[in-house]
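For reference, the structure is listed below as C-alpha cells.
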Amino acid sequence: MSEKTHTRTQTNEQTASNDETLRCPECNGNVITDEGHGETVCADCGLVVSEDSVDRGPEWRAFNANEKDSKSRVGAPTTNTMHDKGLSTNIDWRNKDAYGNSLGSRQRQKMQRLRKWNERFRTRDSKERNLKQALGEIDRMASALGLPTNVRETASVIYRRALNDNLLPGRSIEGVSTACVYAAARMAGVPRSLDEITDVSRVDKSEVARTYRYVVRELKLEVRPADPESYVPRFASSLGLSEETERRARQLLKNAKEKGVHSGKSPVGLAAAAVYAAALLTNEKTTQAAVSEVADISEVTIRNRYHELLEAEEGLGVA
C-alpha cells in the first residue's frame, strides 16, 4: 500500500460514511466508503477494498451558492403565484418536436387532445379556476406597476387566505385581486397610490378601497400607514433628479413629521410636493406639471403641500 493512498484515505475519513456490513480482508478492520474518489477503503490499514463505484452525486462542481443554483437541474421551485404552485405539467402550444421540426397531422391532433385534457385536470373544480384567474390578474397588475417578485408572492398568499376563509362571495375576483396587490405593495415597503392601482385594475376606485378595507380587517393584516418617504426614490428617478435632491426631499418630509404637518394628508401628495420643493432648493429644473404627471396627483395639491413643507422647515429653523 503506497503512502500516497494511505494519506489520501486518512484525509477523507471525516467526510466518508461508515459501512458496518464490510470488514477489511487483511486486518479485519473497519471499512469506510470514500464517495469523493469512488473507493471503499480500510480505515485501519488503508487497503483499497473496491474502487470505481457509482457516483450518485451531480457530475458538475459548484464553488458557491449561485453556481449551485444555476447548474442544478431539478426544475423550477414551487411558487404561490401559480394556482398549482408550479408542480403541474405544461404542454407547449407550438406543434414542434424537440428538434424544432413540425409535427405531422396525427401528432398535432394528439397534442391538441393532450393540451385539452391537461387543462381540464389542472383546474378540476371551481376553486382552482377561481384561483387561476385571480393569480393571473395579480401577475398582470404587478407587471404593469413594476412590482418585484416578493410583492407578487405576498399578494398571492393573501388571496389564497381570502379564498380559504370564504371572503369572496358577493365580491368580484378582480376587486379582491386588486386589493391584495395594494396591500402586498404597502406591506413590502414599495407602496403604490390608489389611483395608480386603479389605473391598471378592471374595477373602479371605490370598489378597490372598500374591498381593501374588508380584506385587511377580516384577515387581520398588519398594514402600516404608507410613509411619504417611500415614494420619493421612485418620483425622483422618474423625473431624472439627482441624489442630492432626493436627500433634500427626505429631509423636508422628516421636518414635516416633526411638526406634525403630515397628519391627515395624502402621503403621495406630500412626497410629490417634497420632490418639487427639493428640486427648487437644489436648483434643478422641474415643473409642477411634470411632478403631477409622475405622481398622478393634481398641481393644486402639490402647491398646497409645497407651502406647508416650507413653512414647517422655517418653523423648525426659528425654533
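Under full-length UniProt numbering, the first residue of the sequence shown carries the number 1, and numbering increases by one thereafter. We put the CB at the ideal spot given by N, CA and C, even for glycine. From a predicted model like this one, the values you see are computed outputs, not experimental measurements.
Other residues of its chain near residue i: CB distance less than 8 Å, five sequence neighbours each side excluded
i: L239; result: V275, A279, T286, A290, V291, V294
i: H262; result: P228, L253, A256, L270
i: Y159; result: L131, A134, L135, I138, V176, S177, C180
i: L309; result: L252, L253, N255, A256, V261, L270, A273, A274, A277
i: N101; result: none
i: V31; result: D19, L22, R23, C24, T40, V41, C42, A43, V49
i: E196; result: L145, D296
i: K96; result: S102, L103
i: E3; result: At E3, the pLDDT of 46 sits below 50, so the modelled position is not reliable and the matter cannot be decided from this model.
i: E13; result: Only weak support exists for where E13 lies, its pLDDT of 45 falling under 50; the value from the coordinates is given anyway. Excluding positions up to five away in sequence, the list reads I32, A43.
i: Y214; result: L167, R171, A179
i: V223; result: A183, R186, M187, V216
i: E314; result: none
i: S206; result: none
i: N64; result: none
Whether residue i touches residue j by CB criterion (8 Å)
i: V190; j: P148; result: yes
i: Q288; j: I302; result: yes
i: V151; j: A179; result: no
i: M141; j: V200; result: yes
i: A162; j: L219; result: yes
i: E284; j: L221; result: no
i: V203; j: E174; result: yes
i: G38; j: S53; result: yes
i: E243; j: T282; result: no
i: N66; j: I91; result: no
i: A312; j: K259; result: yes
Cβ neighbours of residue i in the same chain (closer than 7 Å, five flanking residues each side left out)
i: P267; result: A226, D227, P228, Y231
i: S156; result: N80, T81, L135, I138
i: Q107; result: none
i: R129; result: T123
i: T154; result: A184, M187, A188
i: V318; result: Model confidence at V318 stands at a pLDDT of 41, short of 50, so the residue's coordinates are unreliable and nothing is read from them.
i: R248; result: A278, L281, T282
i: E246; result: V232, P233, A236
i: R120; result: none
i: G89; result: In the sequence under discussion, the amino acid at residue 89 is Thr, which differs from the Gly named in the question. Result list for T89: N118, in chain order.
According to DSSP, residues forming a beta bridge with residue i
i: K96; result: S102
i: D34; result: E39
i: S48; result: The question names Ser, yet the displayed sequence has Val at residue 48. Paired residues: V41.
i: R23; result: N30
Spatial neighbours of residue i in its chain, beta-carbon cut-off 6 Å, leaving aside the 5 residues before and after
i: R305; result: G269, L270, A273
i: E51; result: E39
i: N164; result: none
**Prompt:** If we count Cβ pairs, one from each stretch, closer than 8 Å, do we get three or more for the stretch 204 to 215 versus the stretch 246 to 256?
**Reply:** no
**Asked** Can we say the stretch 124 to 139 touches the stretch 155 to 169, given the rule of at least three CB pairs closer than 8 Å?
**Response** yes
**Message:** At 4 residues or longer, what runs of the alpha helix (DSSP H) sit wholly inside the stretch 236 to 310?
**Reply:** 243 to 259, 267 to 281, 288 to 295
**Request:** With a floor of 4 residues, list each alpha helix (DSSP H) that falls wholly inside the stretch 146 to 231, ordered by position along the chain.
**Result:** 149 to 164, 173 to 187, 194 to 200, 205 to 219
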